[in-house]
Amino acid sequence: MLVRPLAPQGLLLLAAPLTARSPSLALFLSHGRFVARTEGPGPQLHVQSRRRSRAGRWHRVSVRWEKTRIQLVTDGVWARSQEEPGQQHQGEEGPRPHTLFVGGLPASGFSPKLPVVINSSGFSGCVKRLRLDGQLLGAPTRMVGVTPCFSGPLEKGLFFAGSGGSITLDILGATLPDVGLELEVRPQTATGLIFHLGRAQAPPYLQLQVLEKQVLLRADDGAGEFSTLVTHPKALCDGQWHRLAVTKVGRALRLEVDLQGNRTLGPTPGASADTLVPLHLGGLPESRATQAGLPTWTHPQPPVYLGCRRNLEGNRSPVALPRSARVQGAVGASGCPAPQHSCPRTLARTSGIRAGGSSGPPGGPPIRQGPAPQPQAPHRTCRQHRPQPFSQRRFVCIYLGSRLYRL
């Protein structure tokens with residue numbers, strides 16, 4: 058494999074057995090050196106690279122795991138583990154791993170005896186051309202916190218990659234019918250779901266999405282959906298950061314996009330207490346019914362978000378990404394790549410929207426009753442993205458025959 062580390066420590070690879078009665082092999086970085094080590098039954102083998110890795114540089118790394126020794130090759134320099142007394146190397150192959158984790162471990166599951174700093178940090182950097190027994194590994198079955206590798210500097214923020222993805226926060230403390238949310242976005246496509254506050258299928262909910270030059274805010278407290286929108290002078294995927302602010306007080310709905318704003322009043326709902334609801338960022342998580350191929354939506358599901366976002370606030374308080382956040386798809390917290398300056402022309406899953414209520418400055422337009430907007434023909438096409446399963450820690454998972462590996 059080729060490895061470009063950005064930090065001097067982190068778990069790079071773990072070859073896990075099917076049962077605890079078999080040994081495992083871990084490859085990790087410790088103080089800049091590549092270290093390979095076995096755990097579990099059998100001889101305890103250990104080897105480290107003779108030279109330290111260099112942050113930001115590519116290194117060619119290979120590991121050969123045999124029954125009584127490990128061979129580690131880093132940029133053509135060999136290192137071998139010492140055989141235990143009384144053992145003689147016979148060239149026998151090591152155990153066949155059942156699961157291969159690359160880049161980190163899931164929050165729950167296999168937990169090898171690794172140094173605490175290694176077991177908790179995961180790998181920060183890039184990996185490519187990963188081979189198993191000389192064969193390139195195919196597309197992963199599962200990705201967790203893995204995004205494309207970028208060569209330029211990164212900005213602070215969350216990056217939602219091209220394969221789609223979502224983050225679900227259950228401890229935000231946001232309630233309906235009253236809530237205020239604000240964030241900055243820099244989308245790379247002209248359409249995408251910014252957030253969905255509430256359950257995916259039933260009211261109450263509050264949903265914000267970008268549709269070409271329009272930013273649409275929908276809400277439903279149980280008495281029917283209502284909405285408002287702001288039309289921006291140009292599509293938001295222009296390489297610039299844009300401020301989005303949403304305020305909902307009772308049946309009053311307000312949306313601000315940079316220096317423009319709009320508001321509306323919804324139908325009067327029945328008496329209801331404040332309800333704590335989850336916040337979905339970037340897309341809606343796949344339900345079991347969706348994964349089984351069963352229909353779950355009565356209207357088209359919003360397209361997933363591609364791009365960067367930062368500075369999320371809930372009720373005027375900063376919102377940090379907790380370890381308990383549930384993530385699906387390719388979402389990276391390491392930073393955002395350099396911006397694109399034009400929207401790619403790709404296939405749209407949702408058409409443009411037109412609704413009552415004109416756009417204007419935050420203090421301008423009057424409050425007015427607004428039904429859910431009706432679709433109109435899209436102005437152009439945008440990219441289609443489907444989310445893939447993902448959790449907060451970074452790894453990828455692929456199934457090959459009887460072996461499962463994670464990248």
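Sequential numbering from 58 applies to the sequence shown in this note's numbering. Beta carbons: idealized from backbone N, C-alpha and C, even for Gly. As the structure is a computational prediction, the values presented were derived from the model and not from experiment.
Would residue i be called buried (16 or more neighbouring beta carbons within 10 Å of its own) or exposed?
i	result
P357	exposed
C206	exposed
V238	The sequence given here places Leu at residue 238; Val does not occur at that position. L238 is buried by the Cβ-count criterion.
V361	buried
H103	exposed
G209	exposed
V272	buried
W135	exposed
R243	buried
L316	exposed
Q139	exposed
R300	exposed
R114	exposed
P80	buried
S223	buried
P379	exposed
R199	buried
R373	exposed
P290	exposed
P359	buried
A218	buried
L192	The amino acid at residue 192 is misidentified as Leu; the sequence shows Gln. By the neighbour-count rule (16 or more Cβ atoms within 10 Å), Q192 is not buried but exposed.
Q105	buried
Looking at residue j and residue i, is the spacing between their C-beta atoms short of 8 Å?
i	j	result
R117	L59	yes
L333	T232	yes
Q245	L369	no
A276	T325	no
S87	Q101	no
C393	A292	no
L274	L240	no
E269	A247	yes
L341	L226	no
P154	A93	no
R366	G214	yes
L310	T285	yes
D278	R308	yes
L68	G161	yes
L187	V159	yes
When the Cα of residue i is compared with those of the options, which residue comes out closest?
i	options	result
R78	G99, F85, F216	G99
L157	Q66, L336, Q101, L194	L194
T95	R114, L250, V120, H253	V120
V236	W298, T304, T125, S381	T304
F85	P74, L70, L211, T225	L70
A112	D132, G89, W122	G89
P396	G133, L211, Q128, W122	L211
S381	P163, I251, R300, R366	P163
D190	Q105, E123, L322	E123
F252	G327, Q192, G371	G371
E282	A377, G161, L322	L322
N319	V287, P80, D295	V287
G133	R107, R126, T125	R107
G255	I127, A377, L338	L338
V306	G327, P234, P359	P234
F91	G97, L75, T131, T125	T131
G327	P375, Q105, P260, G97	P260
A390	A257, F216, Q192	F216
Is the Cβ of residue i closer than 8 Å to any Cβ of chain C?
i	result
A395	Looking for chain C here will not work: only one protein chain is present.
Between the region 380-388 and the region 253-267, are three or more C-beta pairs nearer than 8 Å?
no
Hey, which unbroken runs of the alpha helix (DSSP H) at 4 residues or more fall wholly within the region 95-136?
none
So does the region 181-192 actually touch the region 60-74, counting three or more Cβ pairs closer than 8 Å?
yes
Inside the region 242-281 only - beta strand (DSSP E) runs reaching at least 3 residues
248-255, 262-268, 271-277
Inside the region 365-401 only - beta strand (DSSP E) runs reaching at least 3 residues
383-389
Ignoring anything shorter than 3 residues, give me the beta strand (DSSP E) runs that lie fully in the region 196-226, in order along the chain.
199-201, 215-226
Runs of 3 residues minimum, wholly inside the region 278-317: which ones carry the beta strand (DSSP E) assignment?
282-288, 299-306, 309-314
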